[in-house]
Amino acid sequence: MDSLHHRFASTFDLQMLQSELSSELRNRLSDLVQTSCTRPDWILLGFEHDTLTAILILAAPTDFEFPVEIIPLRVSLRHRDASAILFESAIQKAKKLGASELFCYELEDAADATFLSSLGFRQWRNVVRFDSAAAPQAKPPSPLLPMGSNFERHMIVALIAQASEHSDDMQTQYYRERLGEIGDAEMMLQIIESTRPDKSWWRVALNAEGQPIGIVIPIIGFGEATIGFIGVSPGVRGRGVATRLLLEARSVVAHHGYSSLSAETDAGNSAMHRALAKSGFVRQWQKQEWRFSFL
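Be aware that the sequence shown starts at 15, since it is given in this note's numbering, and climbs by one per residue.
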């Protein structure tokens with residue numbers, strides 16, 4: 015153990031990391047840094063003697079004052095005690111920065127569940143990721159799918175609250191019970207706003223009377239185009255509204271130069287899985303998400 019040590023990175027370490035990592039991990043780290051999802055002093059480096067053996071990254075959607083996720087870019091449980099110290103240092107750093115909770119995806123090793131549980135993480139959602147195929151040709155906004163910039167903020171909050179009612183997403187259910195429907199919607203919008211989104215990307219679905227019945231919010235999160243929120247009012251679900259919104263979202267991001275769009279949803283939200291598949295998204299993976307609460 016005396017040969018094992020760790021420290022948080024500095025700006026000067028970024029060049030070293032570029033040479034140490036594979037091209038895939040190098041690109042991932044560069045994207046996180048360049049999009050302000052992390053910064054050098056949120057990157058924890060573990061060494062055995064003088065050899066870099068572990069990298070943990072604290073990250074947030076964009077430019078948060080505190081992290082919301084811990085990303086094990088390179089971690090081995092061969093030295094279990096050293097890995098635990100590394101994670102605990104990252105957790106304490108997040109706490110000092112003001113985080114109230116921290117999320118982490120299960121790693122590849124079968125012992126991950128026991129390891130994360132021993133650190134105080136608890137199983138959260140089973141998350142399924144979808145990626146869009148090649149984006150359809152960009153087109154002007156439909157009159158029945160106007161831009162979100164046409165709506166006042168309080169209207170967006172109300173629409174998110176309405177569209178989240180009876181959601182099959184366990185995280186949405188949890189925060190609605192804890193914060194109330196408006197509190198949950200307000201928190202969701204604040205997280206989205208932290209990514210400095212362009213509201214002209216957002217699309218609101220209207221019914222024949224011109225009343226809002228659904229919304230999709232594409233954002234740039236963790237360096238990629240992704241769905242920040244999508245929801246449809248309970249009374250019109252199953253009528254293709256979500257599919258139309260998702261197709262429109264793909265068109266929007268294509269217009270702004272993005273060739274793909276991702277979405278993550280609860281494994282139990284089968285209705286959203288169907289809508290994503292119908293609108294050209296392809297299932298990529300399913301992972302267990304873990305949550306650490308500081309409260």
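Cβ coordinates follow ideal geometry from the N, Cα and C atoms, glycine included.
Fair warning: this is a prediction, and the values are worked out from it, not measured in the lab.
*asked:* Alpha carbons only, please: which of Phe144, Asp95, Asp145, Leu111 is nearest the one belonging to Leu130?
replied: Asp95
*asked:* Helix, strand or coil for Gln225? Go by DSSP, reduced to three states.
replied: coil
*Near Trp215, which residues of its chain fall below 6 Å by C-beta distance, leaving aside the five closest residues on each side in sequence?*
Pro232, Val266, listed in sequence order.
*Terminal residues of the beta strand (DSSP E) in which Lys301 lies*: 295 to 307
*asked:* For a minimum of 4 consecutive residues, which ranges assigned as the alpha helix (DSSP H) are wholly contained in the segment 246 to 282?
replied: 255 to 269
_If you measure between the beta carbons of Ala104 and Leu58, is that distance less than 8 Å?_
yes
*Simplified DSSP state of Asp145, which is helix, strand or coil*: Looking at Asp145 - three-state DSSP - the assignment turns out to be strand.
*By Cβ distance, which residues of its chain are closer than 6 Å to Arg143, with the 5 residues on each side in sequence left out?*
Glu278, Gln298, Trp299
*asked:* Going by DSSP in three states, His93 sits in which element: helix, strand or coil?
replied: Annotated three-state conformation of His93 is helix, per DSSP.
*DSSP-derived helix/strand/coil call for Gly197*: helix
*What does a CB cutoff of less than 8 Å around His63 pick up in its chain, not counting 5 residues either side in sequence?*
Ser17
_If you follow the alpha helix (DSSP H) that Phe165 is in, where does it begin and where does it stop?_
Premise fails: Phe165 is in no alpha helix (DSSP H) and is neither H nor E.
*So, using beta-carbon positions, are Gly224 and Gly245 closer together than 8 Å?*
no
*Give the range of the beta strand (DSSP E) segment to which Ala73 is assigned.*
Counting along the chain, the beta strand (DSSP E) containing Ala73 begins and ends at 65 to 73.
_Helix, strand or coil at Thr240 [DSSP, three-state]_ = strand
*Between the C-alpha atoms of Trp138 and Gln29, what's the straight-line distance to the nearest angstrom?*
Linking Trp138 to Gln29 through their CA atoms gives a straight-line distance of about 35 Å.
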